[in-house]
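> This structure is in structure tokens; I'll ask about it shortly.
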Amino acid sequence: MKNYAYVIGLTALSSVFSTAAFSQNVVSFTNEIQEVKVEPLTGNIFVKTKDVLSSVNSQSNAIEWSISIDKINNQNSIAKMSKIYSSLSNNDFSNAFKSDSEISFISNSPFAQVKFDNNNVLINSTNGEVLFNSADLGYVIYSSSFIPSNNELLILGQKDNKVVFVNYDLIGKKIKWESEVGDVDGLGKSLGNYFKSLVKNDVSVSENKIIIGKNVIYAGVKNLLFALDQNNGTVKWKTDYPVNNFFISGNGDKMITILNSGGLLSSKQKLNMLDAFTGEKVWKDDITTAYISYLEDHGDKVLIAHQKGFNFYDYATGEKLWKKDPKGSDIKRVIPIDGDYLYIADNEMNLIDKEGKSKWKKFVEIADDSEDQVYYLGKVGNDRVFYLTDTYGNMVEYATGKKIWKKNVEFDKKRPLTYDFKDDKFLVYNNKRIYTFNSNNEDSPKPKGKIDVENDKTIQTLESFDWGVCIVGQNDVIGLDNDGNVIYQKTYSEPGEAARRLMKTGGIIASSYFGFKGSAQKAIANTQITYVDSNGNEISQDLFSESAKNKKTQKGNQNEDFSDMIDKNLLASVNSRFNGLKQSNNYAVVLAKGSNGPELVKVRKKDGVEVVKISLDSNKPIYEIDGVTDNIYFASGKDLKMYK
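Numbering-wise, the sequence shown is residues -20 to -1, 1 to 624 according to mature numbering (1 follows the signal peptide of the UniProt record, and there is no 0).
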């Protein structure tokens, strides 16, 4: 499921309502608003003017706290920082960390990094407490990461002409250690190829990631990987090539690295195994593939599945352990089930045991050809496996691979397919038809209704409710009853290319904590790694998973000072905010062409009522939509206007 948050630039907006039932709330500020952002965990709104940062409670509309620039900056420190920044204007290393936004939230944390003039400060976003004032301490901050297990912030910054890591103790509120990485010019030259890849968009940029190993902090910062001594910050090793993601083996001595090369739209990936203590590559050449399907760590070995095949690899030698890869090529997906592995090769699927031996008599065809996308494959109720592809949908018996439905559900692969799956029930839209079924069906489902979507290639979500189904696209919001009959259909004219740029999607809402909001699915899921212990117990996790939240909560409970920061001030409101999402995902927001130019329209999914219309009468409006609540916040001069 997917979150949508929309963020943009500058100037004023005007608004009209299509119903008086939804009132507008206004919070006024002394100076003109420069930036608006939703704090992802609590849903509070950060509002920045030229001299003050404020946090507005999204429920009470009251300003909870404010930070004034004159309390942060003094003339001497800012003059010094200005000189440093001017010297960095043409430096490759510093330019790689530039951002258009002056507010950035630190992943998996209640902390934020805010820029006031040439001074970056780190704050507790729940109460406005300033934790780290870079100007007072003489640093330029490039990037900040949270280490929940240690109650620390890891800061990559610059002091004078040296690039340094700074470890900041949140409990003691002091710098624990500082470690030099190198001088700015030297790093810019030595990492020249890396920076060129960023400029050319040859590499997709990932969020920062921290893993604590055996007395080592492994830090992925701006796609560079560092191994730091946990006690004093000494750089044990670092990569001079980009890394998007990395995992440490259960034994802690090996590391799997993944690179998404070719830019954001590329599916090309590279994988290698490193010695976690030295950073040396175990394999001379990367595994280069269209995509990586699955990783499973067993402490002394790892299962690696990718497009070209899959096998167990010995961590000590890097050699394959199965004599040969399982049959088939173009391995789209591998799913562990009860100690076995269900996988798709070409346009067929098969089940093998932990030794790589087939458990079914023959492969099961699930698509017309190997180019067809696989939308879903997994074990469902009644000991069955369900598959959904561009062309077919069906279920098979888990033990034998025998098909449940005599005839596949057939889809038109020339038209987009969208689906939703929850509580063992499936909802599928394809070629103007809706299909509904569950794991108890003995016969293939028949299509319902006939729905003309203006542009089905732009469908973003397909959701089932107790009253029926809602389809939301770039130009459509459509409601259907449970028999597939149209309750309402709202179709909107496109506002034009220039106006479409005013609405951008972003990963602001904390998927790291609570998954994604919408129900549009991707054919290939994000890479997961499953850790298997000596007793065969499996723990699966991916980048910034729910387990990160759980670990943080547990650590907070163990430390009274930190639990005050996390549990009382953050987790209570966070849990309330996101628990409510399950029942209140009731609106769609569409960018449309209005009579006076582009406008945002907020539509109630149940009945199609347009509850709010907001005219965007500026080339660079400042506004944000909370992807959890669908509340709209925008700046009009000195006023923050709130639509709920």
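Glycine included, each C-beta is placed from N, C-alpha and C at the ideal position.
#1: Can you tell me which of the three DSSP states residue 602 falls into?
#2: Specify, as a first and last residue, the run of the beta strand (DSSP E) that residue 239 falls within.
#3: In three-state terms, what does DSSP make of residue 25?
#4: Please say whether residue 218 and residue 196 have beta carbons closer to each other than 8 Å?
#5: Is DSSP giving residue 51 helix, strand or coil here?
#6: Between the C-alpha atoms of residue 298 and residue 280, what's the straight-line distance to the nearest angstrom?
#7: What does DSSP give as the partner residue(s) for residue 269 in the beta ladder?
#8: Closest to residue 46 by CA distance: which of 233, 361, 103 is it?
#9: Can you give me the Cβ contacts of residue 340 inside the same chain, cut-off strictly under 7 Å, excluding the 5 residues immediately before and after it?
#10: Would you check if the region 431 to 443 and the region 394 to 401 touch, i.e. whether three or more CB-CB distances between them fall below 8 Å?
#11: Between which two residues does the alpha helix (DSSP H) containing residue 117 stretch?
#12: CB residue 468 to CB residue 587, shorter than 8 Å?
#13: Any idea what DSSP makes of residue 165, helix, strand or coil?
#14: Label residue 42 either buried or exposed according to how many other C-beta atoms from any shown protein chain fall within 10 Å of its C-beta, with 16 as the threshold for buried.
#15: Could you check where the beta strand (DSSP E) with residue 572 kicks off and where it finishes?
#16: Near residue 409, which residues of its chain fall below 6 Å by C-beta distance, leaving aside the five closest residues on each side in sequence?
#17: Within a Cβ cutoff of 7 Å, which residues of the same chain sit near residue 473, ignoring the five residues on either side of it in sequence?
#18: Any idea what DSSP makes of residue 438, helix, strand or coil?
#19: When DSSP labels each residue in this structure, what does residue 93 get in the three-state scheme?
#20: In the DSSP output, what is residue 454 paired with across the bridge?
#21: Can you give the beta carbon distance from residue 236 to residue 282, rounded, assuming they're within the 8 Å contact cut?
#22: For residue 327, which residues from the same chain have a beta carbon less than 7 Å from its beta carbon, with the 5 sequence-adjacent residues on both sides left out?
#23: Excluding the 5 residues preceding and the 5 following residue 435 in the sequence, name in chain order all residues of the same chain whose CB lies nearer than 8 Å to its CB.
#24: My understanding is that residue 199 touches residue 114, with C-beta atoms under 8 Å, so please give their C-beta distance in whole angstroms.
#25: Decide yes or no for the touch test of the region 85 to 99 against the region 160 to 168: beta carbon pairs closer than 8 Å, at least 3 of them.
#26: Determine the direct distance from the alpha carbon of residue 368 to that of residue 249, and round the result to whole angstroms.
#27: Looking only at its own chain, which residues have a Cβ that is under 6 Å from the Cβ of residue 139, when we skip the five neighbours before and after it?
#28: In its own chain, which residues sit with a C-beta less than 6 Å from the C-beta of residue 157, not counting the 5 before and 5 after it?
#29: Over what stretch of residues does the beta strand (DSSP E) that includes residue 625 continue unbroken?
#30: For residue 262, which of helix, strand or coil comes out of DSSP?
#31: Name the DSSP beta bridge partners of residue 359, please?
#32: Which of helix, strand or coil does DSSP assign to residue 15?
#33: To which residues does DSSP link residue 398 through a beta bridge?
#34: Spatial neighbours of residue 163 within its chain, please: C-beta separation below 8 Å, excluding the five flanking residues on both sides.
#35: Spatial neighbours of residue 463 within its chain, please: C-beta separation below 7 Å, excluding the five flanking residues on both sides.
#36: Give me the Cα-Cα distance between residue 539 and residue 127, rounded to the nearest whole angstrom.
Short version:
#1: Mapped onto the sequence shown, residue 602 falls at position 622. Reduced to three states, the DSSP call for residue 602 is coil.
#2: Within the sequence shown, residue 239 is the residue found at index 259, counting from 1. Note, residue 239: beta strand (DSSP E), 234 to 240.
#3: Taking the sequence shown and counting its residues from 1, one reaches residue 25 at position 45. Looking at residue 25 - three-state DSSP - the assignment turns out to be strand.
#4: Counted from its first residue, the sequence shown places residue 196 at position 216. Counted from its first residue, the sequence shown places residue 218 at position 238. Cβ distance not < 8 Å, so residue 196 and residue 218 don't count as in contact.
#5: For the purposes of this step, residue 51 is taken as residue 71 along the sequence shown, with counting starting at 1. Residue 51 falls in the helix class under three-state DSSP.
#6: Locating residue 298 in the sequence shown gives position 318, counting from the first residue. Locating residue 280 in the sequence shown gives position 300, counting from the first residue. For residue 298 and residue 280, the distance between alpha carbons rounds to 11 Å.
#7: For the purposes of this step, residue 269 is identified with residue 289 of the sequence shown, where counting begins at 1. In the DSSP output, where bridge partners are listed per residue, residue 269 has 249.
#8: Against the sequence shown, residue 46 aligns to sequence position 66. Selected option, being the one with the closest Cα: 103.
#9: Here residue 340 refers to the residue found at position 360 when the sequence shown is read from its first residue. Closer than 7 Å at Cβ, skipping near neighbours: 330, 331, 380, 381.
#10: yes
#11: The residue given as residue 117 occupies position 137 in the sequence shown. Looking at the DSSP string, the run of the alpha helix (DSSP H) that includes residue 117 is 114 to 117.
#12: Working through the sequence shown from its first residue, we reach residue 468 at position 488. Working through the sequence shown from its first residue, we reach residue 587 at position 607. Cβ atoms of residue 468 and residue 587: closer than 8 Å.
#13: As a working mapping, residue 165 is identified with position 185 in the sequence shown. Residue state, collapsed to three classes: helix.
#14: Locating residue 42 in the sequence shown gives position 62, counting from the first residue. That one is exposed.
#15: Residue 572 sits at position 592 when you count from the first residue of the sequence shown. 567 to 574 is the extent of the beta strand (DSSP E) around residue 572.
#16: In the sequence shown, the residue the question calls residue 409 occupies position 429. 398, 442.
#17: Taking the sequence shown and counting its residues from 1, one reaches residue 473 at position 493. Here the set comprises 572, 573.
#18: As a working mapping, residue 438 is identified with position 458 in the sequence shown. Reduced to three states, the DSSP call for residue 438 is helix.
#19: Counted from its first residue, the sequence shown places residue 93 at position 113. Three-state result, residue 93: strand.
#20: Position 474 of the sequence shown, counted from the first residue, corresponds to residue 454. Bridge partners of residue 454: none, in fact.
#21: On the sequence shown, position 256 is the one that residue 236 refers to. On the sequence shown, position 302 is the one that residue 282 refers to. That belief holds up - the Cβ atoms of residue 236 and residue 282 are roughly 7 Å apart, short of 8 Å.
#22: On the sequence shown, residue 327 is found 347 positions in, with the first residue counted as 1. Closer than 7 Å at Cβ, skipping near neighbours: 345, 346, 347, 348, 349, 350, 352.
#23: If you number the sequence shown from 1, residue 435 lands on position 455. So the list reads 453, 454, 455, 456, once near-sequence residues are dropped.
#24: As a working mapping, residue 199 is identified with position 219 in the sequence shown. As a working mapping, residue 114 is identified with position 134 in the sequence shown. Not a contact, Cβ separation roughly 19 Å.
#25: no
#26: Position 269 of the sequence shown holds residue 249. Position 388 of the sequence shown holds residue 368. Going by the C-alpha atoms only, they are around 25 Å apart.
#27: Locating residue 139 in the sequence shown gives position 159, counting from the first residue. Hits under 6 Å: 118, 119.
#28: Working through the sequence shown from its first residue, we reach residue 157 at position 177. Correct list, in chain order: 147, 212, 213.
#29: This structure cannot settle anything about residue 625, because the visible part of the chain is limited to -20 through 624.
#30: As a working mapping, residue 262 is identified with position 282 in the sequence shown. Of the three classes helix, strand and coil, the one that applies to residue 262 here is coil, per DSSP.
#31: Position 379 of the sequence shown, counted from the first residue, corresponds to residue 359. In the DSSP output, where bridge partners are listed per residue, residue 359 has 365.
#32: Translated into positions along the sequence shown, residue 15 becomes position 35. Strand at residue 15.
#33: Taking the first residue of the sequence shown as 1, we reach residue 398 at position 418. Looking at the DSSP assignment, residue 398 forms a beta bridge with 409.
#34: The residue given as residue 163 occupies position 183 in the sequence shown. Hits under 8 Å: 141, 142, 143.
#35: The residue given as residue 463 occupies position 483 in the sequence shown. So the list reads 428, once near-sequence residues are dropped.
#36: In the sequence shown, counting from the first residue as 1, residue 539 sits at position 559. In the sequence shown, counting from the first residue as 1, residue 127 sits at position 147. Summary for residue 539: the model assigns pLDDT 32, below 50, so the residue's position carries little reliability; its value from the coordinates is reported in the next sentence. Looking at the two C-alpha atoms, the distance is approximately 14 Å.
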